[in-house]
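Sequence lines, in order, name chains A and B. Whatever position you read off the first sequence (first residue = 1), add 758 for the numbering used here. Whatever position you read off the second sequence (first residue = 1), add 14 for the numbering used here. Beta carbons are placed, not taken as given, at the ideal position from N, Cα and C, and that holds for glycine. Please read these numbers as outputs of a predicted model, since none were measured by experiment.
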Amino acid sequence: MIETTTLRADFPIFSRLVHGKPLVYLDSAATSQKPKAVIQALDDYYRGYNANIHRGIYTIAEEATQAYEGSRQKIAQFIGADDSATLVFTRNTTEAINLVAYTWGQQNIKAGDEIVLTEMEHHSNLIPWILLAERTGAVLKHIPFDAEGQLDMDAARSMITDRTRLVSVVHMSNVLGTINPVKELAALAHARGALILIDGAQSVPHMGLTVDELDCDFLAFSAHKMLGPTGVGALWARREILEAMPPFLGGGEMIAQVSLTHATYNDLPWKFEAGTPNIADAIAWGSAIDYLNNVGMPTIRQHEIELTEYAIERLSEETDVTLYGPHDSRKKGGVVAFNLGDVHSHDVAEVLDAEAICIRVGHHCCQPLMRKLDIAGTARASFYIYNTRDDVDQLVSSLQKVRDIFGSNGG
Amino acid sequence: MVKDLYREVILQHYQEPRNRRMLDHPDLEGSAQNPLCGDEITVFASVADDHIADAAFQARGCSISQASADMMADAIRGKSLDETLADIGRFTRMMETDESVGPDLGDLEALASVKRFPIRVKCAVMPWVTLGEAISRYRAGA
């Protein structure tokens, strides 16, 4: 496991107290904490070379442009993309998926075409396609999952047909933690002439992966779940697809020549980056990538497997705890969804907050998934490089405080 | 501090709700969902002579929303629709402002402590707002 004592010192937030107690942060699937290097990168930009990019002739504008484009290169390399022009900055994963739906989708999806999703999608990979289907008359299909939270691949094989134009799936479920067989799904999609989009919001931060090995056509992910700042994310897509796609938002930066009635568009990736982008946050994202590379993605994955295994083991000992999702920590990300007896997850979280333990509760933006499990919501603990076995111990022992209030079998 | 939220009277209404049941022939009915947490509530009331003859609820939700719904049903039973609407107004003002609302809210005063947990205020208020809308619809249709 990672030597967390020194590593945690890199994260200023862990030096504060909440309700007089040290912070136990178990909500990195919602957003990760930020190391000093990332906070410093923001500060350096605003203090040292704050300028708009791609336009200025002067020195600090050139420094800003280089830092911004350098960051793009690091992020592209992080996902194994040699051509950094295929990495488009967006606000977040949600915007990246919407970009595809509004441009590629609008151009290529016709009435009766099918888009295949899964029953475990985050709302960010459901709603853009519902909106597209409403505009175009496309049909949405959803691959079901079993009691352990694994996709039914037989169903996938029969659902992905010649009518399928796009398969859009989450790589790692934000609730169940399931790591889906996206490579297999990519092969099924490509065999039918369809494209595949992978929602990498949870997988990119936690697993070393490359777009080649995933064999995907689109990959969407966010900075803030991987030690970077909020407000910036990315869409990666294959060059020929991006080139054929119409622009998304119109404005400055994304154009080549403009007359009053006509415009030609800029080269990739700027064709999709209208207006002044989120320069500071994109630059700081590069520092987050450096930090992750320095620790090493295989090390991070191993750390989370061990922590998840420990959490599942400890929580399984509690007879009133119900766990959701795969129980094999190698088949899932560092996410443990659970309920304590009949106690509503909000009540669990409220009591844990008094112990300075941060967990996420509710439907986790996955209402269809919750309906399928026939529950209102779950509590969820999620891990990252700074979490320790002690965090898990605190979580498990604090459940007793919930029982003290709500009774051993809950409400 | 968390004990302020989960006061005895709140837990009692949550764990042994008297009004969590169906009504056979409700005259008015309203449902709501909290999109933030997915909680659902349906409130029912039977009306006789412009008064709430009986009130009940069905819900999937947290302790605060359920306790609030249970207390509400107790509080409004026997009251006229106008008095009920006035109670709804007073309760939501108590929860959403610092305004003093008078001494006669009974058990409901316990819910005032929820104000210190701002994200839970919505849980407490949801049954009341839902009932208020149901009464408005009932009156518009009656």
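Which whole-angstrom value describes the C-beta separation of Y28 of chain B and A73 of chain B, a residue pair presumed to lie in contact below a C-beta threshold of 8 Å? Taking the second sequence and counting its residues from 1, the one referred to as residue 28 of chain B is at position 14. Taking the second sequence and counting its residues from 1, the one referred to as residue 73 of chain B is at position 59. The pair is not a contact, with the Cβ atoms about 10 Å apart (cut-off 8 Å).
Can you pull the chain B neighbours of M1128 of chain A, defined as C-beta to C-beta under 8 Å? Taking the first residue of the first sequence as position 1, residue 1128 of chain A is located at position 370. Residues of chain B with a Cβ closer than 8 Å to the Cβ of M1128 of chain A are, in chain order, G52.
Strictly under 8 Å for the Cβ-Cβ distance: is F131 of chain B near chain A by that measure? Counted from its first residue, the second sequence places residue 131 of chain B at position 117. Output row for F131 of chain B: interface = yes.
Proximity winner among A:V846, A:Q835, A:M930, relative to R997 of chain A (alpha-carbon distances): On the first sequence, residue 997 of chain A is found 239 positions in, with the first residue counted as 1. The shortest C-alpha to C-alpha distance from R997 of chain A to any of A:V846, A:Q835, A:M930 is the one to A:V846.
Span of the alpha helix (DSSP H) around N1052 of chain A: One-based indexing of the first sequence puts residue 1052 of chain A at position 294. Looking at the DSSP string, the run of the alpha helix (DSSP H) that includes N1052 of chain A is 1037-1053.
Whether S1223 of chain A touches G1083 of chain A by CB criterion (8 Å): Past the boundaries of the shown model lies residue 1223 of chain A; chain A is included only from 759 to 1169, so the question cannot be answered.
Out of A:I818, A:A905, A:L1026, state which residue places its alpha-carbon closest to the alpha-carbon of R805 of chain A. Translated into the one-based positions of the first sequence, residue 805 of chain A becomes position 47. Considering only alpha carbons, the answer is A:I818.
Starting from F976 of chain A, follow the alpha helix (DSSP H) in both directions and report where the run begins and ends. Counting from 1 along the first sequence, the entry for residue 976 of chain A is found at position 218. Segment 976-980 is the beta strand (DSSP E) holding F976 of chain A; no alpha helix (DSSP H) there.
In the DSSP assignment, find the unbroken beta strand (DSSP E) run with H65 of chain B in it and report its ends. Here the question's residue 65 of chain B lines up with position 51 in the second sequence. Note, H65 of chain B: beta strand (DSSP E), 65-74.
Proximal residues of chain A, C-beta to C-beta of R74 of chain B below 7 Å: Within the second sequence, numbered from 1, the residue matching residue 74 of chain B stands at position 60. The answer, in chain order, is A1134.
The beta strand (DSSP E) spanning V846 of chain A covers which residue range? Looking up residue 846 of chain A in the first sequence gives position 88. Its beta strand (DSSP E) spans residues 845-848.
Given 8 Å, three or more beta-carbon pairs between the stretch 862-880 of chain A and the stretch 922-934 of chain A: yes
The stretch 1140-1160 of chain A touching the stretch 29-40 of chain B, judged by at least three CB pairs closer than 8 Å: No: fewer than three Cβ pairs fall under 8 Å.
A834 of chain A - containing alpha helix (DSSP H), residue span: On the first sequence, residue 834 of chain A is found 76 positions in, with the first residue counted as 1. Here the alpha helix (DSSP H) through A834 of chain A covers 817-836.
Contacts around G1168 of chain A, its chain only, beta-carbon distance under 6 Å, and the 5 residues preceding and following it disregarded: Here the question's residue 1168 of chain A lines up with position 410 in the first sequence. With a pLDDT of 42 at G1168 of chain A, under the threshold of 50, the predicted position of this residue should be treated as unreliable, and no value is reported.
For L1007 of chain A, which three-state DSSP category applies? Counting from one through the first sequence, the residue named residue 1007 of chain A turns up at place 249. DSSP places L1007 of chain A in coil when its eight states are reduced to three.
Of all the residues that make up the stretch 76-107 of chain B, which are near chain A by a beta-carbon distance shorter than 9 Å? C76, S77, I78, S79, Q80
What residue range is occupied by the uninterrupted beta strand (DSSP E) comprising L1110 of chain A? If you number the first sequence from 1, residue 1110 of chain A lands on position 352. Element bounds for L1110 of chain A: not the beta strand (DSSP E) but the alpha helix (DSSP H), 1103-1111.
Between A:S1045, A:G828, A:T1019, A:A1021, which has its C-alpha nearest H982 of chain A's C-alpha? Counting from 1 along the first sequence, the entry for residue 982 of chain A is found at position 224. Comparing Cα positions, the closest option is A:S1045.
Residues that V16 of chain B contacts on chain A, provided the C-beta gap is smaller than 7 Å: Locating residue 16 of chain B in the second sequence gives position 2, counting from the first residue. Chain A residues near V16 of chain B: E1108, V1109, A1112.
Whole angstroms is fine: what's the gap from A787 of chain A's alpha carbon to Q960 of chain A's? Taking the first residue of the first sequence as 1, we reach residue 787 of chain A at position 29. Taking the first residue of the first sequence as 1, we reach residue 960 of chain A at position 202. Distance between the alpha carbons of A787 of chain A and Q960 of chain A is about 7 Å.
Is it the case that the Cβ atoms of A839 of chain A and W994 of chain A are separated by a distance below 8 Å? For the purposes of this step, residue 839 of chain A is taken as residue 81 along the first sequence, with counting starting at 1. For the purposes of this step, residue 994 of chain A is taken as residue 236 along the first sequence, with counting starting at 1. For A839 of chain A and W994 of chain A, yes; Cβs fall inside 8 Å.
Relative to the alpha-carbon of P902 of chain A, which residue among A:A896, A:G895, A:D910 has its alpha-carbon at the smallest distance? Taking the first residue of the first sequence as 1, we reach residue 902 of chain A at position 144. Selected option, being the one with the closest Cα: A:D910.
How about the stretch 87-105 of chain B and the stretch 140-150 of chain B: do they share at least three Cβ pairs that are nearer than 8 Å? Between the stretch 87-105 of chain B and the stretch 140-150 of chain B, the count of Cβ pairs shorter than 8 Å is three or higher; the stretches touch.
Would you kindly check if the distance between the Cβ of I956 of chain A and the Cβ of L946 of chain A is under 8 Å? Numbered from its first residue, the first sequence carries residue 946 of chain A at position 188. Numbered from its first residue, the first sequence carries residue 956 of chain A at position 198. Not closer than 8 Å, so no.
Three or more C-beta pairs under 8 Å: does that hold for the stretch 1134-1152 of chain A against the stretch 55-72 of chain B? no
Using only the alpha-carbon positions, how far apart do N856 of chain A and I133 of chain B sit? Translated into the one-based positions of the first sequence, residue 856 of chain A becomes position 98. Translated into the one-based positions of the second sequence, residue 133 of chain B becomes position 119. Counting only the Cα atoms, I133 of chain B lies some 29 Å from N856 of chain A.
So, for G738 of chain A: in the same chain, excluding its five sequence neighbours on each side, which residues have a beta-carbon less than 8 Å away from its beta-carbon? Residue 738 of chain A falls outside the range modelled here, since chain A spans only 759 to 1169, and no answer is possible.
V1160 of chain A and V1106 of chain A: beta carbons closer than 8 Å? Numbered from 1 along the first sequence, position 402 holds the residue referred to as residue 1160 of chain A. Numbered from 1 along the first sequence, position 348 holds the residue referred to as residue 1106 of chain A. Yes, the Cβ-Cβ distance between V1160 of chain A and V1106 of chain A is below 8 Å.
Going by DSSP, what residue range makes up the alpha helix (DSSP H) through A154 of chain B? The residue you call residue 154 of chain B lines up with position 140 of the second sequence. That run of the alpha helix (DSSP H) goes 132-155.
CA-to-CA distance, K1089 of chain A to G991 of chain A, given in whole angstroms: Here the question's residue 991 of chain A lines up with position 233 in the first sequence. Here the question's residue 1089 of chain A lines up with position 331 in the first sequence. Going from the Cα of G991 of chain A to the Cα of K1089 of chain A covers about 26 Å.
Mind the definition here: the stretch 825-843 of chain A touches the stretch 962-971 of chain A only if three or more C-beta pairs lie below 8 Å; say whether that holds. yes
Which one of A:F1096, A:R766, A:N1051 has the shortest CA to CA distance from E1071 of chain A? Position 313 of the first sequence, counting from 1, holds the residue named residue 1071 of chain A. The candidate whose alpha carbon is nearest that of E1071 of chain A is A:F1096.
Please report the Cβ distance between G1139 of chain A and L784 of chain A, rounded to the nearest whole angstrom; I am assuming they are in contact, meaning their Cβ atoms lie under 8 Å. Taking the first residue of the first sequence as 1, we reach residue 1139 of chain A at position 381. Taking the first residue of the first sequence as 1, we reach residue 784 of chain A at position 26. One point to set straight first is that residue 1139 of chain A is Ala, not Gly, in the sequence displayed. Contact flag correct, Cβ pair sits at about 4 Å.
Helix, strand or coil, according to DSSP, for R893 of chain A in the structure here? If you number the first sequence from 1, residue 893 of chain A lands on position 135. Note: R893 of chain A maps to helix in three-state DSSP.
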